[in-house]
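Residue numbers (full-length UniProt numbering): 1 to 230.
As C-alpha cells, then:
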C-alpha cells in the first residue's frame, strides 16, 4: 500500500512537470534558461535545471522520476568576450560585424600632372564601394583594424612605349610590383594582387615607380577588402 501511494505521488509530480515545462517523456534533462552576469571580472551563468533520471530497479524505461529543481550559479574566471563568440551556425560574431571593403576606378583620362610629383601616388576619381569609409580622397586605404586583407590592382598604360612599374605600397615601402611595357599594343595593364597582414592605421596605396601615364589611365581599378579580423 505504501509503495502504491509513493508511486502515485511520483506519477502526479511527473504529470505536473510535463504540463509545466512541456518536455518529452524520454528526455533526461531540461534547461530552463540562462543569464550571464559579470561581477569583478567573473562571468556567471544562472541555470535552473529540472533533472529527470531513471531510478535503479525501475521496470519501465518510459516512466521517469522528477527530482527536485536546483538553482546553480556557475562562475567562469575567463568569460568569453562577445567579439570571439560564435553563433549557433558556427559563424564568428566578430567576423559578422567586420565589414571593410573598397573599390575605385578611373572614370576618365586625366593627365599624370594631376598626381603629386613628390608622391607619384596613383589616384582614382570614382569610388564604387567604400564600406566603412576607409579609402580616402587621396586614394589611400587606412586600415581600421588588425586582420588579413586582400588587395588587387589593374593600372592601364595607354599610347606610349615606355615601360611602367606600379608598386603596391605599405607604409611607404613596396610590397609587390607589376609591369607593363609591350610596345606593340595600344593599351596594356600592370596587374597584381596580394594578401597582407595589416595592423590598425597601416596605409596601403599604389605608386607609379617607373615610367609615366601619358594619355591617362581610364578604366584602371584598385580594390581591397578585409578577409577576416585577428
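The beta-carbon is built from N, C-alpha and C at its ideal position, and this holds for glycine as well.
Query                                                                                                    : Result
Proximity below 8 Å, CB of residue 167 to CB of residue 202                                              : no
Status (buried if at least 16 other CB within 10 Å, exposed otherwise) for residue 157                   : buried
Reduced DSSP secondary structure (H/G/I, E/B, other) of residue 218                                      : coil
Residues sharing a beta bridge with residue 149, DSSP                                                    : 196, 226
For residue 124, the first and last residue of its enclosing beta strand (DSSP E)                        : From DSSP, residue 124 is part of no beta strand (DSSP E); its letter is neither H nor E.
Sequence-distant residues of its chain with Cβ nearer than 6 Å to residue 140 (five each side left out)  : 203, 205
Simplified DSSP assignment, three categories, for residue 171                                            : coil
Simplified DSSP state of residue 212, which is helix, strand or coil                                     : coil
Which of helix, strand or coil DSSP assigns to residue 99                                                : coil
CB contact flag (residue 162, residue 109, <8 Å)                                                         : no
Buried or exposed (CB count within 10 angstroms, at least 16 for buried), residue 230                    : exposed
Rounded C-alpha distance that separates residue 175 from residue 145                                     : 19 Å
Cα-Cα separation between residue 132 and residue 99, rounded to whole angstroms                          : 7 Å
C-alpha gap between residue 154 and residue 104, whole angstroms                                         : 11 Å
Between the CA atoms of residue 106 and residue 210 - distance to the nearest angstrom                   : 20 Å
Beta-bridge partners of residue 284, as assigned by DSSP                                                 : Outside the shown range of the chain (1 to 230) lies residue 284, about which nothing can therefore be said.
Within 8 Å, strictly: CB atoms of residue 122 and residue 208                                            : yes
Whole-angstrom distance between residue 182 and residue 198, CA atom to CA atom                          : 34 Å
Through-space distance from residue 188 to residue 165, alpha-carbon basis                               : 12 Å
Close Cβ partners of residue 119 (< 8 Å) along its chain, the five nearest in sequence each way excluded : 207
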